[in-house]
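Numbers 9 to 391, taken from my numbering, label the letters of the sequence shown in order.
Encoded as structure tokens, the structure appears first; notes follow it.
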Amino acid sequence: MTVQTRSSRKLKLHVTPPSSFTTHPLTPPPTDEKSPTVLRIISDIRRRRAQIGAGAGIGKTKLPAPVPWTAYSLDAEAYRELLHRFECDENLAGFVDHELRFDYFPSTRRLILRMPTAVHEYFIHFVVQEIRTQLGAFTGSSGTFAKDIKFGGSTRISFDDSEYGCHDPDGQFKHENAQYPGVVLEVSYSQKKRDLPHLADEYILGSDANIQCVIGLDIEYGGKGKAKMATWSVWEPAVEEGDDGRKELVAKQTVHNTVFRTSAGTPPSPSNQTLEIPLQTFAPSSCYSTDPPQGSIIIPAAKLYTFLADAEKTGLMLVGKKGLVAPAKMKTWGTKRRREITPEEELLARDEKKFKTEEDSLVEKEEADDASWGKGSAANDVS
């Protein structure tokens, strides 16, 4: 497996983050024929960027808020083409790097684009902050081990085996000497919840069980008419006997949808359930030379409930623009002046416009061909 940070700059299939498109020579496109699906994905990403730039969903804008989760059917060749398109467009690459997260499943030829919401980001921040605080509280040999556990954020995880794809987790913890993160965190909602078992397979099987704990935190945002239930689930490596008698590595779900907020939006009763992460799961045994580290990270359901409530409160405040700002009397300026656009930036803008025109033309052609084929098929059916 290869783990690459957002600052990594070398492009490989299944390996490189979409942030790596601008500083190395461009990878040759896999084919001269452009995939309509790739063009549609690029168009969707541009639309997301426009929605954010216009303050989507806020105030008087008519643009809808960006969709937080979108799935596409995409084979390996088209996936390579998509990465190449990112290479060619520095502005688009920057947006993908900073605003989107990817999951690519080669086995099902499926690409997932995710755009975390403010609630999502604040919630994972609170959970990560709690784990880091507890890691810092261990003493003795366990404390020595724990201090070497580092938070890796959404650093892309990918695997040498091409059967397993590349994924941008919502959070991960890795021992500084380990190749793999030991613990992976995924915050899910609606559609993504269905992908969690498959993500657990990817992480655990793809890493040969070096990723020892995948935690899924399923939250609903509690909009009008929506349920507010929130749960957590856990997957761990297990060895089971297959139908042919051979031992098989599987990702076994060991915790099933434990509730930390009910559908009524209240804490569970009784609220004595806890999310427990044994310290040993943060790294393989090769990372400690003596006895295994003892102890666990323990987060009560009530604390997760509070984290989610605080995240929703903060998220709603930001979306509604209800946060405090400096008093108007503190503004000592009369006007504002942006920096001038450089010739290089103007060139990039022209190139981007050219790409977009080309994409729109090809997508329109594909839609026209589809419509023509549909009419022909209908005529044939009638006859």
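Glycine residues also receive a C-beta, built at the ideal position from the N, C-alpha and C atoms.
Model, not experiment: these values are computed from the prediction.
Cβ-Cβ distances below 7 Å link G224 to E194, S196, L204, W240, S241 in the same chain, with the five nearest sequence neighbours on each side left out; the list follows chain order.
Distances from the CA of S51 to each of A154, E85, F94 were compared; the closest alpha carbon is that of F94. Uninterrupted alpha helix (DSSP H) stretches at least 4 residues long and entirely within the stretch 196–229 occur at 199–214, given in chain order. Across the set T314, D209, E138, the C-alpha of E138 shows the shortest separation from the C-alpha of I285. By the C-beta criterion, the stretch 108–120 is judged not to be in contact with the stretch 272–288, since fewer than 3 inter-stretch pairs fall below 8 Å. For Y313 against P275, the beta-carbon gap comes to about 5 Å, under 8 Å, which counts as contact. DSSP places F153 in the helix class (H, G or I) of the three-state scheme. Going by beta carbons, L82 and V46 fall inside the 9 Å limit.
For L332, no beta strand (DSSP E) segment is defined, and its DSSP state is neither H nor E.
The beta carbon of L119 sits closer than 6 Å to those of Y80, L82, Y112, all from its chain and outside the five residues before and after it, given in chain order. Within the model, the alpha-carbon separation for E256 versus W243 is close to 16 Å. The three-state secondary structure of L82, taken from DSSP, is coil. Sequence-distant Cβ neighbours of Y130 in its own chain, meaning closer than 8 Å and more than five residues away, are D318, A319, T322, G323. The DSSP assignment places complete alpha helix (DSSP H) segments of no fewer than 4 residues inside the stretch 83–170 at 84–96, 98–107, 126–143, 148–154, in order along the chain. When Cβ pairs closer than 8 Å are counted between the two stretches, the stretch 330–349 is seen not to touch the stretch 135–152, the count staying below three. When only Cα atoms are considered, E184 and Q220 end up about 16 Å apart. The C-alpha of T266 lies about 27 Å from the C-alpha of P292. Taking all protein chains shown into account, H106 has fewer than 16 neighbouring C-beta atoms within 10 Å of its C-beta and is therefore exposed. For P351, the three-state secondary structure derived from DSSP is helix. Our two residues, P177 and W341, have alpha carbons roughly 43 Å apart in a direct line. Per DSSP, reduced to three states, the secondary structure at A238 is strand. The beta carbon of S304 lies closer than 8 Å to those of E284, I285, P286, L287 in the same chain, with the five residues before and after it left out.
Note that the C-beta distance between L326 and A238 is not below 9 Å.
Under DSSP, T266 forms a beta bridge with W240.
Burial state of Q302 is exposed, judged by a 10 Å Cβ sphere holding fewer than 16 other Cβ atoms. For T45, the secondary structure class from DSSP, reduced to helix, strand or coil, is helix. Secondary structure at S304: strand, using DSSP grouped into helix, strand and coil. By the Cβ-count criterion, E171 is exposed, with fewer than 16 other Cβ atoms from all chains shown falling within 10 Å of its own Cβ.
Around the CB of S162, 16 or more other CB atoms lie within 10 Å, so the residue is classed as buried. Here the C-alpha atom of C96 lies approximately 22 Å from the C-alpha atom of Q59.
In this structure D252 is exposed. Its beta-carbon is surrounded by fewer than 16 other beta-carbon atoms within 10 angstroms.
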